[in-house]
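Trainee: In my numbering, the protein residues as written are 2 to 152.
We put the CB at the ideal spot given by N, CA and C, even for glycine.
No experiment lies behind these values; they were computed from the predicted model shown.
Below you'll find the structure I mean.
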DNA sequence: GCCAACGTTGGC
DNA sequence: GCCAACGTTGGC
């Protein structure tokens, strides 16, 4: 019996927003080109919950929840020369970038702003609130996730 | 638009 | 393997 893990992914809403996910229901989380973030994507299990965060907005914050619906997917954009995420060093035989498919669960009635998160949690509890944190995929401890869901 | 933080690249 | 230069992220 494995516990549900919680994660957080960032997205700029003018690139891909929670309403885009709500419309499409599922999406492959492609385009991540940071090794630390990729390693977290590789750890994700079906059924894990994913907080959806809007960055580069005023204000920024968590806007909803998704669920991991399929894991260990080779990011298709790494092989596509037309894609801005094309990686010429990646091959079909030895792909570098794996990701997951996520499924829409809900949009929160109101955004949980970064400001609120900073008030409630220390950087040790929640990496997201650490100054200068640029990681776009990160784990959220279960106890902290519960508190976020109850805000 | 500014700029701090920080990951990546490449010369040596 | 070091580290300066550079590019990107993302809050403000």
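In chain order, what are the residue ranges of uninterrupted beta strand (DSSP E) at least 3 long that sit wholly in the segment 21-77?
Mentor: Listed in chain order, they are 27-29, 50-55 and 62-75.
Trainee: In the structure shown, what three-state DSSP assignment does residue 9 receive?
Mentor: Three-state result, residue 9: strand.
Trainee: Is the beta carbon of residue 98 less than 8 Å from the beta carbon of residue 135?
Mentor: No, the Cβ-Cβ distance between residue 98 and residue 135 is not below 8 Å.
Trainee: Could you please give the first and the last residue of the uninterrupted beta strand (DSSP E) stretch that includes residue 230?
Mentor: With the chain running from 2 to 152 in the structure shown, residue 230 is simply not present.
Trainee: To the nearest angstrom, how far is it from the Cα of residue 92 to the Cα of residue 36?
Mentor: One C-alpha to the other measures close to 17 Å.
Trainee: Tell me, to the nearest whole angstrom, how far the beta carbon of residue 22 is from that of residue 141; I am working on the premise that it is less than 8 Å.
Mentor: Not quite, the Cβ-Cβ distance comes to about 18 Å (not below 8 Å), so this is no contact.
Trainee: Would you mind sorting residue 20 into buried or exposed? The rule is 16 or more other CB atoms within 10 Å of its CB.
Mentor: By the neighbour-count rule (16 or more Cβ atoms within 10 Å), residue 20 is not buried but exposed.
Trainee: With C-beta atoms as the reference, is residue 143 less than 8 Å away from residue 54?
Mentor: No, the pair does not count as a contact, with Cβ atoms beyond the cut-off.
Trainee: What residues are listed by DSSP as bridge partners for residue 140?
Mentor: DSSP output for residue 140 lists 8 as bridge partner(s).
Trainee: When we look at the beta-carbon of residue 16 and count the other beta-carbons within 10 Å, is it buried (16 or more) or exposed?
Mentor: With fewer than 16 other Cβ atoms within 10 Å, it is exposed.
Trainee: Less than 8 Å separating the beta-carbons of residue 32 and residue 72?
Mentor: Against a cut-off of 8 Å, the Cβ pair of residue 72 and residue 32 comes out as no contact.
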